[in-house]
Amino acid sequence: MMIHFNLLPTKEMLYDGLDSIQFHGGDARLQLGLLYAQTVFTEPYGDRETAPNFLIVISGGKSSEPHKTKAMSARLARKGVKIYAIGLGASADKEELKTIVYPSIHIFYVENSEDLSSIKDHLVGDICRDWNRTQTKV
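Numbering-wise, the sequence shown is residues 0 to 137 according to numbering that gives the first Met the number 0.
Written as structure tokens, this is what we have:
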């Protein structure tokens, strides 16, 4: 699921959007999600040149095309998008997640979707620290 920031102008609407995310399972087509993310980080979808970009990828398997997944994540990183990953369940491919996220401290693991709330504070804290670092460089 993608959240378009220009369609969720308030914090409450953003939280409602995040709360509506559901995990459905199926093929891990990460390369397509990362390709789509490239369009989201553009001005028509609410991106601002002065705002840092963060992407959270949740995967419960191995990408159907790992080489494309790695290429798409590298392209996003060159555009300045900071990628975080959450491996969901025992089938999450830890080695693949390491190829799309740098540094690897931005990778989290949970047993199932119900456990996502257990990492929320840590994930949000990391993103806030990264955001603060980008602000001191400006």
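Positions of the beta carbon are idealized from the N, C-alpha and C atoms, including for glycine. Here the structure is a predicted model, which is why all the values come from computation and not from measurement.
Helix, strand or coil: how does DSSP classify residue i here?
i, result
"K78", "coil"
"A73", "helix"
Let me check understanding here. Comparing Cα to Cα, which of the options lies closest to residue i?
i, options, result
"D125", "S103, V109, S112", "S103"
"F40", "I57, K78, P8, L6", "K78"
"V100", "T68, A50, E48", "T68"
"L162", "S19, H121, I82", "Because the chain spans 0 through 137 in this model, residue 162 falls outside it and cannot be assessed."
Between the beta-carbon of residue i and the beta-carbon of residue j, is there less than 9 Å?
i, j, result
"S117", "E95", "no"
"F107", "G86", "yes"
"S72", "A27", "no"
Taking all protein chains shown into account, do 16 or more other C-beta atoms lie within 10 angstroms of the C-beta of residue i, making it buried, or fewer, making it exposed?
i, result
"A36", "buried"
"Q134", "exposed"
"M12", "exposed"
Assuming residue i and residue j make a contact with CB atoms under 8 Å, what is their CB distance in whole Å?
i, j, result
"D92", "G45", "No, D92 and G45 are not in contact; Cβ-Cβ is about 31 Å, not under 8 Å."
"V56", "A84", "5 Å"
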